[in-house]
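The next block holds one structure in the form of structure tokens; read it before the comments.
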């Protein structure tokens with residue numbers, strides 16, 4: 044389903060990633076953690092198809108869901124429209140259901156800046172899971188959240204993943220997030236030192 | 031708001047009174063006619079059909095040059111704001127055109143293309159494109175790369191991206207470019223007409239100038255200013271409010 048054979052990724056002649064091999068099947072969940080600047084987000088961008096300038100090959104599904112640490116919402120569109128724009132084929136009842144699942148059913152007509160930080164994060168999560176996709180990519184979506192919101196987000200994400208059966212690649216600083224989502228953990232620092240394969244557990 | 035409107039109307043009344051007072055003080059309608067004399071001249075020109083004919087000619091040139099400058103400047107500005115490489119290539123050209131006086135562009139366009147409508151609109155468009163490009167480029171530079179990444183991963187169509195991401199993100203810069211563009215373009219159009227068109231408000235001001243007819247100059251100029259104010263209050267401000275309504279709603 045997702046197969047990445049990355050031999051080398053460099054910026055301005057300086058190698059940032061070498062010998063990273065991924066082979067994920069439907070429903071697999073992996074978490075890549077490691078210190079800042081080690082190349083986690085670069086790897087995620089390559090998996091997402093946002094960065095195609097690397098030595099190697101990538102096979103990935105057309106439909107991918109992506110979520111960043113920042114909710115990245117359309118400030119000028121309402122909560123409902125934020126879902127509609129990214130999922131134009133969704134019906135109104137699907138949107139209502141997604142909003143209900145994240146507790147925003149009463150906020151459909153609100154603009155993002157009228158929502159609390161937690162509500163904005165939950166909206167971003169609803170956008171990520173509204174249409175089931177074979178692959179979900181999460182780039183530190185639980186960082187800088189207070190403990191209760193983080194727990195709430197992890198529980199919701201786990202529920203969505205269990206429901207959709209999507210494969211997951213999570214980029215994180217915290218290993219407990221991987222455990223909460225039932226994901227196999229890999230530290231990217233080891234990858235850089237020794238080369239590594241992320242394969243189905 | 032209502033109080034402000036009252037102040038504005040009162041202030042306008044004061045301006046007319048000041049003008050009338052100055053006209054009485056000078057005592058020579060050939061140097062400075064009173065507001066009433068100018069309004070009378072406007073009414074005469076209107077009845078003769080001259081005012082409408084020239085307003086339409088100037089209005090067409092303003093509209094064409096404004097639309098072209100926004101489109102071309104917007105496209106170049108966005109592309110330059112998004113690509114450092116393109117920006118490095120085109121920035122020196124932009125600086126040259128930004129510092130080229132409109133009058134030089136007008137004269138050159140007339141000399142190279144000829145005294146025709148195309149040259150007139152081209153000269154005005156070229157005068158405004160650099161400023162629009164600069165303003166839109168700034169907006170594109172500040173746009174969110176995360177939103178673009180999301181749009182790319184979710185495979186949004188170009189039309190959807192334009193409608194829901196690019197244009198709303200650039201909106202404050204588009205408004206700023208439109209405002210400065212509109213206020214500058216109509217003034218340049220008058221110079222273009224003054225120098226080389228057979229009709230339009232600029233041409234009529236040229237004719238009235240040859241005849242030393244201050245009333246005629248003021249009648250044409252004032253009628254055009256009234257049109258511009260009408261466009262400002264009836265089109266520009268309502269559209270700006272309509273598109274930016276989400277900000278008001280979100281802050282309510």
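Residue numbers (the working numbering), protein chains in the order written: chain A, 44 to 244; chain B, 31 to 282.
Where is the CB? At the ideal position from N, CA and C, for every residue including glycine.
Original post:
Any idea if residue 57/A is buried or exposed, counting beta-carbon neighbours within 10 angstroms, 16 or more meaning buried?
Top reply: Here residue 57/A refers to the residue found at position 14 when the first chain is read from its first residue. Exposed.
Subject >> Sub-9 Å separation of residue 7/A and residue 45/A beta-carbons >> reply: Within the shown structure, residues of chain A are numbered from 44 to 244, placing residue 7/A beyond reach of any answer.
Subject >> Beta-carbon contacts of residue 38/B that lie in its chain and below 7 Å, excluding the five residues immediately before and after >> reply: Residue numbering aside, residue 38/B sits at position 8 when the second chain is read from its first letter. Answer for residue 38/B: no residue qualifies.
Original post:
When the Cα of residue 128/B is compared with those of 268/B, 155/B and 263/B, which residue comes out closest?
Top reply: The residue you call residue 128/B lines up with position 98 of the second chain. That would be 155/B, whose Cα lies nearest to the Cα of residue 128/B.
**OP:** Check the DSSP bridge columns for residue 53/A and list the partner residues they point to.
**Re:** In the first chain, the residue the question calls residue 53/A occupies position 10. Looking at the DSSP assignment, residue 53/A forms a beta bridge with 58/A.
Original post:
Cβ of residue 162/B less than 9 Å from any chain A Cβ?
Top reply: Position 132 of the second chain, counting from 1, holds the residue named residue 162/B. No, residue 162/B lies away from the interface with chain A (no Cβ there is under 9 Å from its Cβ).
Original post:
Under a Cβ-count criterion, where at least 16 other Cβ atoms within 10 Å of its own Cβ denotes burial, should residue 164/B be classed as buried or exposed?
Top reply: By one-based count along the second chain, residue 164/B stands at place 134. With 16 or more other Cβ atoms within 10 Å, it is buried.
**OP:** Say whether chain B places a C-beta atom closer than 9 Å to the C-beta of residue 105/A.
**Re:** Working through the first chain from its first residue, we reach residue 105/A at position 62. So yes, residue 105/A belongs to the interface.
Original post:
Would you say the region 254-273 of chain B touches the region 93-103 of chain B, given that touching needs at least three Cβ pairs under 8 Å?
Top reply: no
Original post:
Quick one: which chain B residues come within Cβ less than 9 Å of residue 115/A?
Top reply: Residue 115/A sits at position 72 when you count from the first residue of the first chain. Correct list: 174, 176, 177, 179 and 180.
Subject >> residue 243/A in three-state terms, based on DSSP >> reply: On the first chain, position 200 is the one that residue 243/A refers to. Note that residue 243/A scores 48 on pLDDT, short of 50, meaning its location in the model is unreliable and no value can be drawn from it.
Subject >> Segment contact flag, the region 195-203 of chain A with the region 119-128 of chain A, C-beta cutoff 8 Å, min 3 pairs >> reply: no
Subject >> Sequence-distant residues of its chain with Cβ nearer than 6 Å to residue 187/A (five each side left out) >> reply: In the first chain, the residue the question calls residue 187/A occupies position 144. Around residue 187/A: no qualifying Cβ.
Subject >> Among 176/A, 219/A, 191/A and 218/A, the one whose alpha carbon lies nearest that of residue 70/A >> reply: Within the first chain, the letter at position 27 stands for residue 70/A. Nearest of 176/A, 219/A, 191/A and 218/A to residue 70/A, Cα basis: 176/A.
**OP:** Would you mind stating whether residue 216/A and residue 170/A have Cβ atoms separated by less than 9 Å?
**Re:** Stepping through the first chain from its first residue, residue 216/A is reached at position 173. Stepping through the first chain from its first residue, residue 170/A is reached at position 127. No. Outside cutoff.
**OP:** Determine the burial state of residue 191/A: buried for a count of at least 16 other Cβ atoms within 10 Å of its Cβ, exposed for fewer.
**Re:** By one-based count along the first chain, residue 191/A stands at place 148. Per the 10 Å Cβ criterion, exposed.
**OP:** Anything in chain B within Cβ reach of residue 109/A, meaning under 8 Å, just list it in chain order.
**Re:** For this step, residue 109/A is matched to residue 66 along the first chain. In chain order: 179, 180, 183 and 184.
Subject >> Start and end residues, beta strand (DSSP E) containing residue 228/A >> reply: The residue you call residue 228/A lines up with position 185 of the first chain. 227-230 is the span of the beta strand (DSSP E), which, as asked, contains residue 228/A.
**OP:** Would you mind listing the beta strand (DSSP E) stretches within the region 82-128 of chain A that are 3+ residues and don't spill past its ends, in chain order?
**Re:** 98-102 and 107-110
Original post:
Going along chain B in order, which residues have a C-beta closer than 7 Å to the C-beta of residue 154/A?
Top reply: Taking the first residue of the first chain as 1, we reach residue 154/A at position 111. Here the neighbours are 276, 279 and 280.
Subject >> Limits of the alpha helix (DSSP H) - the one that residue 72/A falls within >> reply: Here residue 72/A is taken as the residue at index 29 of the first chain, counted from 1. Segment 72-76 is the beta strand (DSSP E) holding residue 72/A; no alpha helix (DSSP H) there.
Original post:
Whose CA, out of 160/B, 56/B and 189/B, lies closest to the CA of residue 117/B?
Top reply: Along the second chain, read from residue 1 onward, the residue named residue 117/B stands at position 87. Nearest option by C-alpha distance: 160/B.
Subject >> Residues that DSSP places opposite residue 210/A in a beta bridge >> reply: As a position in the first chain, residue 210/A is number 167, starting the count at 1. Note: residue 210/A sits in a beta bridge opposite 178/A.
**OP:** Could you tell me whether the region 127-141 of chain A touches the region 245-259 of chain B, using the rule of 3 or more Cβ pairs below 8 Å?
**Re:** no
Original post:
Which residues in chain A sit within 8 Å of residue 204/B, going by Cβ to Cβ distance?
Top reply: Numbered from 1 along the second chain, position 174 holds the residue referred to as residue 204/B. Within chain A, no residue comes near residue 204/B; the closest Cβ sits about 13 Å away, beyond 8 Å.
Original post:
Taking just the CA atoms, how far does residue 227/A sit from residue 244/A?
Top reply: On the first chain, residue 244/A is found 201 positions in, with the first residue counted as 1. On the first chain, residue 227/A is found 184 positions in, with the first residue counted as 1. In this predicted model, residue 244/A has a pLDDT of only 45, less than 50, meaning its place in the structure is not dependable enough to derive any value.
Subject >> Proximal residues of chain A, C-beta to C-beta of residue 166/B below 7 Å >> reply: Position 136 of the second chain, counting from 1, holds the residue named residue 166/B. Those within 7 Å of residue 166/B in chain A number zero; the least Cβ separation is about 18 Å.
Original post:
Taking the alpha carbon of residue 127/A as the point to measure from, which residue in 86/A, 80/A, 158/A and 152/A has its own alpha carbon closest?
Top reply: As a working mapping, residue 127/A is identified with position 84 in the first chain. Of 86/A, 80/A, 158/A and 152/A, the residue nearest in Cα terms is 152/A.
Original post:
On the three-state DSSP scale, how would you describe residue 189/A?
Top reply: Sequence index remark: in the first chain, residue 189/A carries index 146 (1-based). Note: residue 189/A maps to coil in three-state DSSP.
Subject >> Burial state of residue 263/B (16 or more Cβ within 10 Å) >> reply: The count along the second chain starts at 1 and reaches residue 263/B at position 233. Label assigned to residue 263/B: exposed.
**OP:** Give me the Cα-Cα distance between residue 145/A and residue 135/B, rounded to the nearest whole angstrom.
**Re:** To locate residue 145/A, count along the first chain from 1; it is residue 102. To locate residue 135/B, count along the second chain from 1; it is residue 105. Taking the straight line from one Cα to the other gives about 59 Å.
**OP:** Examine chain A for any beta-carbon lying closer than 9 Å to the beta-carbon of residue 196/B, and answer yes or no.
**Re:** Numbered from 1 along the second chain, position 166 holds the residue referred to as residue 196/B. So, not an interface residue.
**OP:** Tell me, please, which residues DSSP counts as bridged to residue 48/A.
**Re:** Residue 48/A sits at position 5 when you count from the first residue of the first chain. Per DSSP, 64/A and 100/A.
**OP:** Quickly, what does DSSP pair residue 200/A with across the bridge? List them, please.
**Re:** The count along the first chain starts at 1 and reaches residue 200/A at position 157. According to DSSP, residue 200/A bridges with nothing at all.
Original post:
In chain order, which continuous runs of the alpha helix (DSSP H) of length 4 or greater are located wholly inside the region 194-267 of chain B?
Top reply: 197-226, 231-240 and 244-261
Original post:
Is any beta-carbon of chain A found at less than 9 Å from that of residue 239/B?
Top reply: Position 209 of the second chain, counted from the start, is the residue given in the question as residue 239/B. Chain A, which has no Cβ nearer than 9 Å to the Cβ of residue 239/B, makes this no.
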